[in-house]
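To start, the structure itself, in structure tokens.
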Amino acid sequence: MASSSSNLISLKTSDGTVFKVERALAKTMKTVQAIIEEADANIYMIPIHNVFSHHMDMIIDYYKLSVAGKSKEFSVEKLDNDELKDFLLAVHYLNMEDLFEVLTQAVADRLEKKSVGYVRKYFGIENDFTPEEYAAIRKKNDWAFKGDDIEPEEDEEKQEE
Amino acid sequence: MVVRQKSDFPDSGRILKRSKPLMSDSALQDKDTNDAVEGKDKFEDMPNCVVLHTLSFMETKDAVRTCVLSKRWRNLWTGIPCLNFNSKSFSRLVDFRRFVVCVLSRRDSSAVKVLNYSRTGVDYATDQNLFNKVIDYVTSHGVEEIRVNLRAKGRGSPPVDIPLSLFNCVSLKKLQLKDCHPSKATWILPFEPPKHLLHLKQFTLDPTAPGHPYSFAGLANIFGFATLTTLNLCRLTLSFTGYETLNPFENCLNLKNLLLREIRFMLEPVPEDFVISAPQLNNLTLMCCRFFKCNLVIAAPKLISFNYLYAAPGAMFEFNIPSVHNFTINICEPQNKLGAPHQKPGEKTKHGLIKMFREGPEAELSFSTAVVSCGAVIMPKKKCPSCCRCQWKALNLRVGSTYKVFVNKLDQITAYFRHCSQHGEYDVLSI
Chain A
1200 MASSSSNLIS LKTSDGTVFK VERALAKTMK TVQAIIEEAD ANIYMIPIHN
1250 VFSHHMDMII DYYKLSVAGK SKEFSVEKLD NDELKDFLLA VHYLNMEDLF
1300 EVLTQAVADR LEKKSVGYVR KYFGIENDFT PEEYAAIRKK NDWAFKGDDI
1350 EPEEDEEKQE E
Chain B
6 MVVRQKSDFP DSGRILKRSK PLMSDSALQD KDTNDAVEGK DKFEDMPNCV
56 VLHTLSFMET KDAVRTCVLS KRWRNLWTGI PCLNFNSKSF SRLVDFRRFV
106 VCVLSRRDSS AVKVLNYSRT GVDYATDQNL FNKVIDYVTS HGVEEIRVNL
156 RAKGRGSPPV DIPLSLFNCV SLKKLQLKDC HPSKATWILP FEPPKHLLHL
206 KQFTLDPTAP GHPYSFAGLA NIFGFATLTT LNLCRLTLSF TGYETLNPFE
256 NCLNLKNLLL REIRFMLEPV PEDFVISAPQ LNNLTLMCCR FFKCNLVIAA
306 PKLISFNYLY AAPGAMFEFN IPSVHNFTIN ICEPQNKLGA PHQKPGEKTK
356 HGLIKMFREG PEAELSFSTA VVSCGAVIMP KKKCPSCCRC QWKALNLRVG
406 STYKVFVNKL DQITAYFRHC SQHGEYDVLS I
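Now the structure itself:
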């Protein structure tokens, strides 16, 4: 059992930075917590792959706000879409429930009511349908595209950002 | 709809920010070269569970449309654990109906955790059949949260039956019914209490047919209030069977938060005492409730905060102070945003008599005192401003004491304390 008397856990990010975090914060990361519990000796340093130091900065910000009861003040507005995606994946890797909810909601908000073309661009999805397949799936699910002024394909031409 | 030719497909070069060979349209057919599929592209890497989680926050209409994104996405939407139906996103209700029916029939067999169903009708009509279908589907798929909003355009809410499957749903934890004016059939008739609905933690009822009376006992029976931790009842008219004391929440053994907003009784009969007692109650909020001729008795030993938004003069209430620290009482008048104040400015108002019985060790009781400005009430944080006669901030109460607090004249908050014992002797302390 990890018997470190220190209340700080060392986490090493993918870019080599070491963060010393409170045990309570490490507890919110289920992945890290599992590593701690499985180790039967003192752990000096836990490497966290897929997580960069700028992610850890934000994670620590969120933790501080939520401890103060101000988790609603946490905002990811300044992150562009790619940065948000990366952060989401990092938090997913660390298995942090609350922050994960916040970030998936943020992604969903950015995608809300957007056209198919925008979503495809956002997720970076390659359209692997042949034109015929596309037509078929579109027709089959026509009921989901009814009642709108704009047909979704039309938006793709507009190069939405 | 005409599907346009391949020049209309977005070329992948525009999609990705990182370096990637621009693909000509013909190369779209070539599936080998793309290292985006290989995993360099973060989002294609994203596991399905994360994608589904993200899609759960979106309206189902948008989520279903992801079926045209790519082959991987074709049926991904069928596993989304939340259903968010909103008829406002459809220009015609018939399209909404068709959409809902198609989703229900094409979804996979996975559980539905949350249902948000909002259907705004055009007339005083409801689509009972569709509502039944949706409720039946989600209750048979392990739903935990249901929020329903059935507002009809303009005329209030149409009458609606609550399907039986809702009452028998074992997994349901949170239920919110907004603007569901119940038809007489399901709500008033005495019900054999369903043994199954044992897990409901949160229940909000907010109909817009204030004239329609509810038997609270009937509601409690129907929804099995024993497990509730949060109960919000808004704009209800409660009917009363004629016993002397009405104590509707005494069986809510787990109730921690209670909000009663714009509740009133049918004119006759009115109970003599309306008792709010629940053993675990921490927070009680009463907003604009009209309890004519009725004593409000609050007996909640674990009460931490009591908020009272005041609407009618002459309210009388008494309650047991809990044996915890920092019990806060807030009494205020509706501000302008809620409409015109109920009294003319300057009119004397008798806000009522608060009688408190105190049991347990000494504790500090802090009042949030009220200051009047232009007829409305502003609650200061900690200290009383100089215009207010009341200078105290905290009051130490002693075991076995009874205090009566009389709050009179909003423009000058003056509190009189009467220290009484159980035998009726009292000293008058005026502060």
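Residue numbers (the working numbering), protein chains in the order written: chain A, 1200 to 1360; chain B, 6 to 436. We treat Cβ as the ideally placed atom computed from N, Cα and C, and that holds for glycine.
Beta-carbon proximity list for residue i, same chain, < 7 Å, skipping 5 on both sides
i                       : result
residue 82 of chain B   : 60, 68, 69, 71 and 72
residue 1310 of chain A : 1318 and 1321
residue 77 of chain B   : none
residue 94 of chain B   : 64 and 66
residue 1323 of chain A : none
residue 1360 of chain A : The pLDDT assigned to residue 1360 of chain A is 34, lower than 50, so where the model puts this residue is not dependable; a value taken from the coordinates is nonetheless given after this. Taken in chain order, the list of residues that qualify is empty.
residue 1232 of chain A : 1225 and 1226
Residue i versus the options, residue with shortest Cα-Cα distance
i                       : options                           : result
residue 243 of chain B  : B:267, B:142 and B:88             : B:267
residue 1275 of chain A : A:1260, A:1227 and A:1326         : A:1260
residue 1363 of chain A : A:1247, A:1328, A:1272 and A:1281 : The question about residue 1363 of chain A has no answer, for chain A in this structure spans 1200 to 1360.
residue 116 of chain B  : B:54, B:173, B:107 and B:86       : B:86
residue 182 of chain B  : B:294, B:166 and B:210            : B:210
residue 257 of chain B  : B:230, B:280, B:251 and B:279     : B:230
residue 232 of chain B  : B:89, B:259, B:280 and B:153      : B:259
residue 139 of chain B  : B:171, B:280, B:125 and B:126     : B:171
residue 106 of chain B  : A:1238, A:1282, A:1340 and A:1211 : A:1340
residue 92 of chain B   : B:136, B:75 and B:118             : B:136
residue 127 of chain B  : B:62, B:98, B:147 and B:154       : B:98
residue 306 of chain B  : B:275, B:255 and B:279            : B:255
residue 1345 of chain A : B:143, B:185, B:104 and B:173     : B:104
residue 84 of chain B   : B:108, B:96 and B:100             : B:108
residue 100 of chain B  : A:1233, A:1328, A:1342 and A:1236 : A:1342
residue 251 of chain B  : B:184, B:239 and B:275            : B:275
residue 1337 of chain A : B:173, B:79 and B:51              : B:79
residue 1326 of chain A : B:75, B:302 and B:102             : B:75
residue 1266 of chain A : A:1334, A:1223, A:1328 and A:1308 : A:1223
residue 166 of chain B  : B:152, B:270 and B:134            : B:134
Rounded C-alpha distance that separates residue i from residue j
i                       : j                       : result
residue 289 of chain B  : residue 264 of chain B  : 6 Å
residue 277 of chain B  : residue 132 of chain B  : 41 Å
residue 164 of chain B  : residue 156 of chain B  : 10 Å
residue 1330 of chain A : residue 1315 of chain A : 16 Å
residue 394 of chain B  : residue 308 of chain B  : Residue placement at residue 394 of chain B cannot be trusted, given a pLDDT of 30 that sits under 50; the coordinates are not used to answer.
residue 1296 of chain A : residue 58 of chain B   : 12 Å
residue 253 of chain B  : residue 283 of chain B  : 9 Å
residue 145 of chain B  : residue 113 of chain B  : 13 Å
residue 1268 of chain A : residue 1251 of chain A : 26 Å
residue 122 of chain B  : residue 180 of chain B  : 12 Å
residue 110 of chain B  : residue 53 of chain B   : 22 Å
residue 1242 of chain A : residue 1306 of chain A : 35 Å
residue 1293 of chain A : residue 1270 of chain A : 19 Å
residue 1288 of chain A : residue 1281 of chain A : 11 Å
residue 119 of chain B  : residue 154 of chain B  : 14 Å
residue 1225 of chain A : residue 1249 of chain A : 16 Å
residue 90 of chain B   : residue 1216 of chain A : 46 Å
residue 124 of chain B  : residue 1304 of chain A : 23 Å
residue 1237 of chain A : residue 147 of chain B  : 34 Å
residue 102 of chain B  : residue 1284 of chain A : 34 Å
Nonlocal neighbours in the same chain, by C-beta distance under 8 Å from residue i, ignoring five residues either side
i                       : result
residue 261 of chain B  : 234, 235, 285, 286, 287 and 288
residue 1286 of chain A : 1254, 1257, 1275, 1278 and 1302
residue 1298 of chain A : 1227, 1258, 1261 and 1290
residue 1272 of chain A : 1264
residue 56 of chain B   : 81
residue 1333 of chain A : 1326
residue 51 of chain B   : none
Cross-chain neighbours of residue i in chain D, by beta carbon under 9 Å
i                      : result
residue 132 of chain B : Absent from the structure: chain D. Protein chains present are A and B.
Residues near residue i by beta carbon distance below 6 Å, same chain, minus five either side
i                       : result
residue 1219 of chain A : 1207 and 1209
residue 1211 of chain A : 1217, 1244 and 1246
residue 237 of chain B  : 209 and 264
residue 1214 of chain A : 1251 and 1252
residue 142 of chain B  : 109
* Asked: Given a limit of 7 Å on CB to CB distance, which residues of the stretch 1298-1319 of chain A reach chain B?
  -> 1303, 1304, 1306, 1307, 1310, 1311, 1312, 1315, 1316, 1318 and 1319
* Asked: If you measure beta-carbon to beta-carbon, which residues of the stretch 1327-1340 of chain A are closer than 9 Å to chain B?
  -> 1327, 1328, 1329, 1330, 1331, 1332, 1333, 1334, 1336, 1337, 1338, 1339 and 1340
* Start-end ranges of the beta strand (DSSP E) lying completely within the stretch 161-187 of chain B, minimum 3 residues -> 179-183
* Going along the chain, which unbroken runs of the alpha helix (DSSP H) with 4 or more residues stay wholly within the stretch 1201-1243 of chain A? -> 1222-1226 and 1229-1237
* With 7 Å as the C-beta to C-beta threshold (strictly closer), list the residues of the stretch 1273-1284 of chain A near chain B in chain order. => Within the stretch 1273-1284 of chain A, the residues whose Cβ lies closer than 7 Å to some Cβ of chain B are 1281 and 1284, listed in chain order.
* With a floor of 4 residues, list each alpha helix (DSSP H) that falls wholly inside the stretch 80-164 of chain B, ordered by position along the chain. => The stretch 80-164 of chain B contains these whole alpha helix (DSSP H) runs: 98-111 and 133-144.
* Using a Cβ-Cβ cut-off of less than 7 Å, give me the residues of the stretch 252-271 of chain B that come near chain A, in sequence order. => none
* Proximal residues, the stretch 98-119 of chain B versus chain A, C-beta separation under 7 Å -> 100, 103, 104 and 107
* Asked: Between the stretch 1285-1296 of chain A and chain B, which residues of the former have a C-beta closer than 8 Å to a C-beta of the latter?
  -> Only those residues of the stretch 1285-1296 of chain A whose C-beta falls short of 8 Å from the nearest C-beta of chain B are listed: 1285, 1287, 1288 and 1291.
* To do: With a floor of 4 residues, list each alpha helix (DSSP H) that falls wholly inside the stretch 1250-1294 of chain A, ordered by position along the chain.
  => 1252-1266 and 1280-1293
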